[in-house]
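Worksheet for the structure shown next.
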Amino acid sequence: MIIIALLDDILVKDIAVRHGIRDVASLKQLALYLMINLGVPTSANKLTGMFGIKSAVTILDFFSYFQDAYLIDFVPQFSYSLKAQNRNPKKVYAMDMGLVTAISTSFSENLGRKLENLVYLHLRRKYTSIHFFKEKGECDFLVSQKEKYPMLFRYVIMSLMKISRGNMRA
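In this text, residue positions in the sequence shown follow UniProt numbering: the first is 1, and each later residue adds one.
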């Protein structure tokens, strides 16, 4: 597929060659893992040891390269403390849903995660600051623009999925 070749070119030519990465296989595995696990909070420490990458610093570098190449973006957990924002896991979102669909190996469609990713892409165009909030419950998106009072967005994905399934049956 052309889209898989495009992803491979981005990972090899735009990232690996540019940054002198020798372990291209680990870079590819990490990128695929992140793109399959949309909307899941993750951290470099949690991924250390996976894919043959032993350093959290290397994983953080790879995260930065993915963002620079507009493959993946990370949304921090809201906190008034910058230290806590950096320490807490960040949610992963893909910048291109076509790539996600092309690499998807899941037997289920993961409509909830894909819908959450689409909502993120929409909010990203409109708002300068996006976070997620999690304490007792979870709010998928907390957005603010130009230091204005933050607005909360909670999308009830299961309800939307029921509606879309109902329309498919009709």
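Cβ coordinates follow ideal geometry from the N, Cα and C atoms, glycine included.
Practice task
Along the alpha helix (DSSP H) that carries Asp140, what are the first and last residues, could you check?
Solution key: Counted from its first residue, the sequence shown places residue 140 at position 140. DSSP places Asp140 in no alpha helix (DSSP H) but in the uninterrupted beta strand (DSSP E) bounded by Glu138 to Ser144.
Problem - Coarse secondary structure for Ile3, derived from DSSP in three states - result: As a first step, residue 3 must be located in the sequence shown, where it is residue number 3. DSSP places Ile3 in helix when its eight states are reduced to three.
Handout entry: Euclidean distance between Cα positions of Tyr93 and Tyr120
Key = Taking the first residue of the sequence shown as 1, we reach residue 93 at position 93. Taking the first residue of the sequence shown as 1, we reach residue 120 at position 120. Rounded to the nearest angstrom, the two C-alpha atoms are 7 Å apart.
Practice task
Tell me whether the beta-carbon of Gln85 lies closer than 8 Å to the beta-carbon of Pro76.
Solution key: Taking the first residue of the sequence shown as 1, we reach residue 85 at position 85. Taking the first residue of the sequence shown as 1, we reach residue 76 at position 76. Their beta carbons are under 8 Å apart, which means Gln85 touches Pro76 by this criterion.
Practice task
For Ile103, I'd like the list of residues in its chain whose CB is within less than 8 Å of its CB, leaving aside the five on either flank, ordered along the chain.
Solution key: To locate residue 103, count along the sequence shown from 1; it is residue 103. Only Ile4, Leu7, Leu32, Met35 and Ile36 meet the Cβ criterion.
Practice task
Kindly identify the DSSP beta-bridge partner or partners of Ile21.
Solution key: If you number the sequence shown from 1, residue 21 lands on position 21. Answer is none; Ile21 lacks a bridge partner.
Exercise for the section: Look at the alpha carbon of Gln29 and the alpha carbon of Ile130, and state the distance between them as a whole number of angstroms. Expected result: In the sequence shown, counting from the first residue as 1, residue 29 sits at position 29. In the sequence shown, counting from the first residue as 1, residue 130 sits at position 130. Those two C-alpha atoms are separated by around 27 Å.
Exercise for the section: Give me whichever residues DSSP pairs with His131 in a beta bridge. Expected result: For the purposes of this step, residue 131 is taken as residue 131 along the sequence shown, with counting starting at 1. Answer by DSSP bridge pairing, in chain order: Leu142.
Exercise for the section: Return helix, strand or coil for Ile59, following the three-state DSSP convention. Expected result: Position 59 of the sequence shown, counted from the first residue, corresponds to residue 59. Note: Ile59 maps to helix in three-state DSSP.
Problem - Span of the alpha helix (DSSP H) around Ile103 - result: For the purposes of this step, residue 103 is identified with residue 103 of the sequence shown, where counting begins at 1. Where Ile103 is concerned, the enclosing alpha helix (DSSP H) stretches over Met97 to Ile103.
Handout entry: Sheet register partners of Phe74 (DSSP bridge)
Key = Numbered from 1 along the sequence shown, position 74 holds the residue referred to as residue 74. Val92, per the DSSP bridge assignment.
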